[in-house]
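Asks: One point on numbering: in my numbering, the residue at position 181 of the sequence shown is 230, and numbering is uninterrupted.
For glycine and all other residues, C-beta sits at the position ideal for the given N, C-alpha and C.
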Amino acid sequence: MNNLKAIADKLMTMDNIHILTHRYPDGDTLGSAYALCGALQQLGKNAKVITSGEPAKKYAFLKKGVKEQDFKREYVVSVDVAATSLLGDNEEEYKDIIDICIDHHGTNSIEAKMKYVDATSASAAEVVFELMGLMTGVILDEHIASCIYTGLSTDTGCFRYTNTTPKTHLIAAKTMAAGAPWEKINAEMFEIMSPARIELQKLVYNTLELHLEGKVALIVVTLDMLKKAGVGDDEVEGLASIPRRVEGVLMGITIREKENGIFKISVRTNEGVDASAYCGKFGGGGHVAASGCTVEGTLQSVKEALLSEAERTL
Numbered sequence: 050m051n052n053l054k055a056i057a058d059k060l061m062t063m064d065n066i067h068i069l070t071h072r073y074p075d076g077d078t079l080g081s082a083y084a085l086c087g088a089l090q091q092l093g094k095n096a097k098v099i100t101s102g103e104p105a106k107k108y109a110f111l112k113k114g115v116k117e118q119d120f121k122r123e124y125v126v127s128v129d130v131a132a133t134s135l136l137g138d139n140e141e142e143y144k145d146i147i148d149i150c151i152d153h154h155g156t157n158s159i160e161a162k163m164k165y166v167d168a169t170s171a172s173a174a175e176v177v178f179e180l181m182g183l184m185t186g187v188i189l190d191e192h193i194a195s196c197i198y199t200g201l202s203t204d205t206g207c208f209r210y211t212n213t214t215p216k217t218h219l220i221a222a223k224t225m226a227a228g229a230p231w232e233k234i235n236a237e238m239f240e241i242m243s244p245a246r247i248e249l250q251k252l253v254y255n256t257l258e259l260h261l262e263g264k265v266a267l268i269v270v271t272l273d274m275l276k277k278a279g280v281g282d283d284e285v286e287g288l289a290s291i292p293r294r295v296e297g298v299l300m301g302i303t304i305r306e307k308e309n310g311i312f313k314i315s316v317r318t319n320e321g322v323d324a325s326a327y328c329g330k331f332g333g334g335g336h337v338a339a340s341g342c343t344v345e346g347t348l349q350s351v352k353e354a355l356l357s358e359a360e361r362t363l
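1) By Cβ distance, which residues of its chain are closer than 8 Å to GLY102, with the 5 residues on each side in sequence left out?
2) Locate the alpha helix (DSSP H) running through LEU288, then write down its first and last residues.
3) Can you round the beta-carbon distance between LEU180 and LEU272 to whole angstroms, since I take them to be within the 8 Å contact cut?
4) Quick check on the DSSP output: the alpha helix (DSSP H) that includes LYS61 runs from which residue to which?
5) Under the rule that 16 or more other beta-carbon atoms within 10 Å means buried, what is THR303, buried or exposed?
6) Helix, strand or coil: which one does DSSP assign to GLU168?
7) How would you call LYS233, buried or exposed, if buried means at least 16 neighbouring beta carbons within 10 angstroms?
8) Check whether the segment 173–191 touches the segment 78–95, counting contact only when three or more Cβ pairs, one atom from each stretch, lie closer than 8 Å.
9) Report the rounded CA-to-CA distance for ASP129 versus ALA236, giving the unit in angstroms.
10) Looking at the unbroken beta strand (DSSP E) that takes in VAL177, where does it start and where does it end?
11) In terms of residue numbering, what span does the beta strand (DSSP E) encompassing LYS116 cover?
12) Is it a yes or a no for the segment 188–196 touching the segment 103–116, going by three-plus beta-carbon pairs under 8 Å?
13) How many Å lie between SER243 and MET50 at the Cα?
14) Please state if the CB of ALA245 and the CB of GLY287 are separated by a distance shorter than 7 Å.
15) ALA359 and ARG317 - do their beta-carbons sit closer together than 7 Å?
16) Just to confirm, are ILE401 and VAL126 a CB contact at a threshold of 7 Å?
17) Using CA atoms only, rank isn't needed, just tell me which of ALA339, ILE311, SER325 and GLY87 is closest to PRO292.
18) Please report the residue range of the beta strand (DSSP E) in which VAL125 lies.
19) Could you tell me which residues DSSP pairs with ALA266 in its beta bridges?
20) Measure the alpha-carbon distance for ILE146 versus VAL98 and round it to whole angstroms.
21) How many Å lie between THR213 and HIS153 at the Cα?
22) Just the Cα atoms here: how many angstroms apart are THR205 and ALA326?
23) If you draw a straight line from the C-alpha of ALA354 to the C-alpha of VAL322, how long is it?
24) Evaluate ASN10 with the Cβ neighbour count: other Cβ atoms within 10 Å of its Cβ, from every protein chain shown; 16 or more gives buried, anything less gives exposed.
25) Mind checking whether the beta-carbon of LEU92 lies closer than 6 Å to any heavy atom of the ligand FAD?
26) Assuming SER340 is part of the beta strand (DSSP E), what are its boundary residues?
27) CB-CB under 6 Å to VAL57, same chain, minus the five flanking residues each way: which ones, in chain order?
28) Can you give me the C-alpha to C-alpha distance between LYS121 and ILE68, rounded to a whole angstrom?
29) Kindly indicate if chain D contains any beta-carbon less than 7 Å away from that of THR62.
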């Protein structure tokens, strides 16, 4: 494991850089990537963010602050990517050539030439913020501040989750002072919904089940539900927080159907229940209070496997 100063020094010598996000990109991986991209471009370097899949429309503003550049790649940096399998469509091209890995997942398994993981940070955006502070010449302008604030806010549930720390708030304050439109960002991330998204939530609430004497709440999002509501992948984010909100629930499980018998599982927990250890039983991981994994099978078999493991966990 390298220290952050060594990585900052290395970045100062690099050029023609691809910055990778994880698949199904959220506010933290995108905010971190575009903040770093903006910082590198400030220093006169060629840098470009590479995503797997089209990010949700609500994140479009993050891209507007960087220049579109066409260049031959020389270096690769990953941000908020805990494993190469999370690179999605970009895995084969990039899995063996990552020069620098920057992350906050304690389960990170990426083999890079240089690597820095701070599992005490609430978001990768916190790590990137500290990294930029070590890079001479980088200015916290409104765009970079907006990117960092987006990462902070989305990975802490608008500063409500237990991963939020005093450091999180201090960095948020600095981004606000630099011009990040925090009210607009939070409204876009957590409040504004399309009519189709509201219809989807109605369908999802009807799937809510309670198990293990109310300790586990489970919801399902099927492909048919997405079709019926008329929503795309970009409007599904955030549903995983629903089951954890039920009074008395220690573990909230969201089962999201993908193609070909594959189900994406999101787990959110309360009162210190280790979601990462639970998801690790299925080859996944993440954080104590928020983790995920992928399980294959039928909806019924997947549900049974998840509930059986939940019973052992609780």
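Replies: The relevant details are as follows:
1) ARG72, TYR73, PRO74, GLY137, ASP138 and ASP282
2) Run containing LEU288: none; DSSP gives neither H nor E here.
3) Not a contact, Cβ separation roughly 39 Å.
4) According to the sequence as given, residue 61 is Met; it is not Lys. Counting along the chain, the alpha helix (DSSP H) containing MET61 begins and ends at 53–62.
5) buried
6) Sequence inspection shows Ala at residue 168; the Glu mentioned does not correspond to that position. Here ALA168 sits in coil by DSSP.
7) exposed
8) yes
9) 23 Å
10) VAL177 -> not in any beta strand (DSSP E); alpha helix (DSSP H) instead, spanning 173–181.
11) Neither: LYS116 is in no beta strand (DSSP E) and is coded neither H nor E.
12) yes
13) 44 Å
14) no
15) no
16) Only positions 50 to 363 of the chain appear in this structure, which leaves residue 401 out of reach.
17) ALA339
18) 124–128
19) LEU259 and GLY301
20) 16 Å
21) 13 Å
22) 20 Å
23) 18 Å
24) The requested residue 10 does not occur in the structure, where the chain is confined to residues 50 to 363.
25) This structure lacks the ligand FAD, and indeed carries no ligand of any kind.
26) 339–345
27) Reading off the sequence shown, one finds Ala at residue 57, where the question assumed Val. Hits under 6 Å: LEU180, LEU183 and MET184.
28) 13 Å
29) Although the question refers to chain D, the structure presented lacks it and comprises just one protein chain.
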